[in-house]
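Undergrad:
In my numbering, the protein residues as written are 64 to 520.
1) Do the stretch 202-219 and the stretch 290-299 make contact, defined as three or more Cβ pairs closer than 8 Å?
2) Taking the alpha carbon of residue 136 as the point to measure from, which residue in 153, 111, 500, 403 has its own alpha carbon closest?
3) Output the distance between the C-alpha atoms of residue 342 and residue 330, rounded to the nearest integer angstrom.
4) Could you pull the start and end residues of the beta strand (DSSP E) that residue 399 belongs to?
5) Can you list, in chain order, the residues of its chain whose CB lies under 7 Å from that of residue 494, leaving out five sequence neighbours each side?
6) Residue 308 to residue 447, Cα distance in whole Å?
7) Here's the rule I'm using: 16 or more other beta-carbon atoms within 10 Å means buried, otherwise exposed. How should residue 109 be labelled?
8) Kindly list the residues whose CB is nearer than 6 Å to the CB of residue 425, restricted to its own chain and excluding five residues on each side of it in sequence; keep chain order.
9) Can you tell me whether residue 460 is buried or exposed, with buried defined as 16 or more other CB within 10 angstroms of its CB?
10) Could you name the residues that DSSP lists as bridge partners for residue 478?
11) Give a yes or no on whether the C-beta atoms belonging to residue 384 and residue 443 are separated by under 8 Å.
12) Would the stretch 115-124 count as touching the stretch 428-445 if we require 3 or more Cβ pairs under 8 Å?
13) Runs of 4 residues minimum, wholly inside the stretch 207-290: which ones carry the alpha helix (DSSP H) assignment?
14) Please confirm if the stretch 209-229 is in contact with the stretch 314-322, defined as three or more CB-CB distances below 8 Å between the two stretches.
15) Indicate the three-state DSSP secondary structure (helix, strand or coil) for residue 312 in the structure shown.
16) Distance check for residue 159 and residue 483, CA to CA, integer angstroms please.
17) Is it the case that the stretch 407-423 contacts the stretch 234-246, given that we only count it when at least three CB pairs across the two stretches are under 8 Å?
18) So, residue 340 versus residue 304, is the Cβ gap smaller than 8 Å?
19) Per DSSP, what kind of secondary structure is residue 461 in: helix, strand or coil?
20) Using the Cα positions of residue 163 and residue 462, report the straight-line distance between them to the nearest angstrom.
21) Between which residues of its own chain and residue 501 is the CB-CB distance below 7 Å, once the five residues before and five after are set aside?
22) Excluding five sequence neighbours on each side, which residues of the same chain lie with their C-beta closer than 6 Å to the C-beta of residue 265?
23) Contact check, residue 258 vs residue 344 under 8 Å by CB: the rounded distance?
24) Around the Cβ of residue 69, are there at least 16 other Cβ atoms within 10 angstroms (buried) or fewer (exposed)?
25) Kindly indicate the opening and closing residues of the alpha helix (DSSP H) around residue 145.
26) Beta carbon of residue 464, beta carbon of residue 486: below 8 Å?
27) For residue 328, I'd like the list of residues in its chain whose CB is within less than 7 Å of its CB, leaving aside the five on either flank, ordered along the chain.
28) I need the DSSP call for residue 523, collapsed to helix, strand or coil.
29) Starting from the Cα of residue 438, find the closest Cα among 274, 200, 398, 468 and give me that residue.
30) Measure the Cβ-Cβ separation of residue 423 and residue 401 and say whether it is below 8 Å.
31) Fully enclosed by the stretch 391-448, which beta strand (DSSP E) runs are 3 residues long or longer?
32) Go to residue 116, then tell me how far its alpha helix (DSSP H) extends in each direction, as first and last residue.
33) Would you report the Cα separation of residue 445 and residue 509, rounded to the nearest angstrom?
34) To the nearest angstrom, how far is the alpha carbon of residue 211 from that of residue 132?
35) Please report the distance separating the alpha-carbon of residue 197 from that of residue 179.
36) For residue 140, count neighbouring C-beta atoms within 10 Å of its own C-beta (all shown protein chains included) and say buried if the count is 16 or more, exposed if not.
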């Protein structure tokens, strides 16, 4: 057998792992590729495929090591470099990711997949003009590719081109992962809505619905009868929207309507431009909660609500609770946890429960959270749903943003054009959790030192 030919045992393990991959048996695939790599350490394909399944299993750091091993024994390979760049992006190591992907594109200049991966990293690195140019070239080559069209639209929105961006935002409906269901009757195209019943579908997440229901009163003032289908967790909160004629639970049989539209299509259909964002707040109000009582802060202390993780806690929607300790050091403020879900246990895990009053147990819905937020002097949040809710209520809200943030927060402003009561605190680097918290702590001290206003308590 030739010296560079893998042992039969390694080949059998590799073949079994490849079949497991095709079958979606990820644990078996990981074990098989790991065995092949162990038995044949000079076999680049074994290491590269192990890297692929490790990343698929949510282990990007181990995937990076496997990809590097593959190239250590097999030399630079465009496919492996592209996959390495993707894993490094998962880890927030954006500079390294860009270098790997540029090398992949250099080795395979005609490969659109590698160019696409590079464009996404460039966008993450806030190199929007270069990312936009690459995505534009890819769209020209594949005009029916909904994924690339969607990312080009996001690039337009990042850069503040809302006319082009919101038009391209419509490509999201053609993505396989988009849950929008077509309804009977025509889609509304933005023509005169007077005298028509328009059914709106809240097809995206909680934050998107909170952001875009602001358009419902505008539609109503133009003479439309507006019906909204939304998730049950938000129905009570949205029931009080001015101009809303009726609410429908998501997935229920639609009532009679003249036309319909996805809720997130309204900025496009109503011709929103960056300078014409309908930013009047509050446009939501908490329903009455006579039985929901919150222990008030002693004296005239500032009351501050805290949310440090989103409901599903993906990496870009959480913040290490321990890194928020500089905020809690000032005894002149009373802090309330508005955190819901499993991450509420962080209070006990870290011992921070002694410094924060836990309001989580009384929060069962968005309406409950809104009621408590209206009684806070300030909300501090990493979770964008909580940010949208506080902003829609017109409450002062400070948002901690990861280095790679969503298009609606852009890259540099300290304020949001969508929410005039919002202030943004940004990571200067993907690994720096301390600088924005230190800036926030300084601003909090200044706020506490300011004279008491009529709006407090």
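Beta carbons: idealized from backbone N, C-alpha and C, even for Gly.
TA: Considering the structure as presented:
1) no
2) Position 73 of the chain shown, counted from the start, is the residue given in the question as residue 136. Residue 111 is the option with its Cα nearest to residue 136.
3) Translated into the one-based positions of the chain shown, residue 342 becomes position 279. Translated into the one-based positions of the chain shown, residue 330 becomes position 267. Answer to the nearest angstrom: the Cα atoms are 12 Å apart.
4) Locating residue 399 in the chain shown gives position 336, where the first residue counts as 1. Residues 396-400.
5) Along the chain shown, one-based indexing puts residue 494 at 431. 155.
6) In the chain shown, counting from the first residue as 1, residue 308 sits at position 245. In the chain shown, counting from the first residue as 1, residue 447 sits at position 384. Answer to the nearest angstrom: the Cα atoms are 27 Å apart.
7) Counting from 1 along the chain shown, the entry for residue 109 is found at position 46. With 16 or more Cβ atoms within 10 Å of its Cβ, residue 109 is classed as buried.
8) Taking the chain shown and counting its residues from 1, the one referred to as residue 425 is at position 362. Cβ neighbours of residue 425 beyond the five flanking positions: 355.
9) Position 397 of the chain shown holds residue 460. Counting Cβ neighbours within 10 Å, residue 460 comes out buried, since at least 16 surround it.
10) The residue you call residue 478 lines up with position 415 of the chain shown. Answer by DSSP bridge pairing, in chain order: 486.
11) Walking along the chain shown from the start, residue 384 turns up at place 321. Walking along the chain shown from the start, residue 443 turns up at place 380. Against a cut-off of 8 Å, the Cβ pair of residue 443 and residue 384 comes out as no contact.
12) no
13) 209-221, 225-232, 269-275, 278-284
14) no
15) Reading the chain shown from its first residue, position 249 is the one you call residue 312. Here residue 312 sits in strand by DSSP.
16) Here residue 483 corresponds to residue number 420 of the chain shown, with the count starting at 1. Here residue 159 corresponds to residue number 96 of the chain shown, with the count starting at 1. Rounded to whole angstroms, residue 483 to residue 159 spans 37 Å at the Cα level.
17) no
18) Counting from one through the chain shown, the residue named residue 340 turns up at place 277. Counting from one through the chain shown, the residue named residue 304 turns up at place 241. For residue 340 and residue 304, no; Cβs fall outside 8 Å.
19) Within the chain shown, residue 461 is the residue found at index 398, counting from 1. Strand.
20) The residue you call residue 163 lines up with position 100 of the chain shown. The residue you call residue 462 lines up with position 399 of the chain shown. Taking the straight line joining both Cα atoms gives about 32 Å.
21) By 1-based counting over the chain shown, the position of residue 501 is 438. Around residue 501, the same chain offers 389 as residues with beta carbons nearer than 7 Å, after the five sequence neighbours per side are excluded.
22) Here the question's residue 265 lines up with position 202 in the chain shown. Within the same chain, residue 265 has close Cβ partners 272, 293, 326.
23) Position 195 of the chain shown, counting from 1, holds the residue named residue 258. Position 281 of the chain shown, counting from 1, holds the residue named residue 344. The pair is not a contact, with the Cβ atoms about 29 Å apart (cut-off 8 Å).
24) Counting from one through the chain shown, the residue named residue 69 turns up at place 6. Buried, because 16 or more other Cβ atoms sit within 10 Å of the Cβ of residue 69.
25) One-based indexing of the chain shown puts residue 145 at position 82. Per DSSP, residue 145 belongs to the alpha helix (DSSP H) from 141-153.
26) Translated into the one-based positions of the chain shown, residue 464 becomes position 401. Translated into the one-based positions of the chain shown, residue 486 becomes position 423. The beta carbons of residue 464 and residue 486 sit no closer together than 8 Å.
27) By one-based count along the chain shown, residue 328 stands at place 265. Within the same chain, residue 328 has close Cβ partners 233.
28) This structure leaves residue 523 out entirely; the chain is present only between 64 and 520.
29) Translated into positions along the chain shown, residue 438 becomes position 375. Among 274, 200, 398, 468, the Cα nearest to that of residue 438 is on 398.
30) As a first step, residue 423 must be located in the chain shown, where it is residue number 360. As a first step, residue 401 must be located in the chain shown, where it is residue number 338. In contact: residue 423 and residue 401 (Cβ atoms closer than 8 Å).
31) List check, beta strand (DSSP E) in window: 396-400, 441-444.
32) Here residue 116 is taken as the residue at index 53 of the chain shown, counted from 1. Residues 107-119.
33) Taking the first residue of the chain shown as position 1, residue 445 is located at position 382. Taking the first residue of the chain shown as position 1, residue 509 is located at position 446. A straight-line Cα-Cα distance of about 21 Å links residue 445 and residue 509.
34) Mapped onto the chain shown, residue 211 falls at position 148. Mapped onto the chain shown, residue 132 falls at position 69. Residue 211 and residue 132: Cα-Cα distance of roughly 31 Å.
35) Taking the chain shown and counting its residues from 1, the one referred to as residue 197 is at position 134. Taking the chain shown and counting its residues from 1, the one referred to as residue 179 is at position 116. Their backbone Cα atoms lie some 8 Å apart in a straight line.
36) Along the chain shown, read from residue 1 onward, the residue named residue 140 stands at position 77. With 16 or more Cβ atoms within 10 Å of its Cβ, residue 140 is classed as buried.
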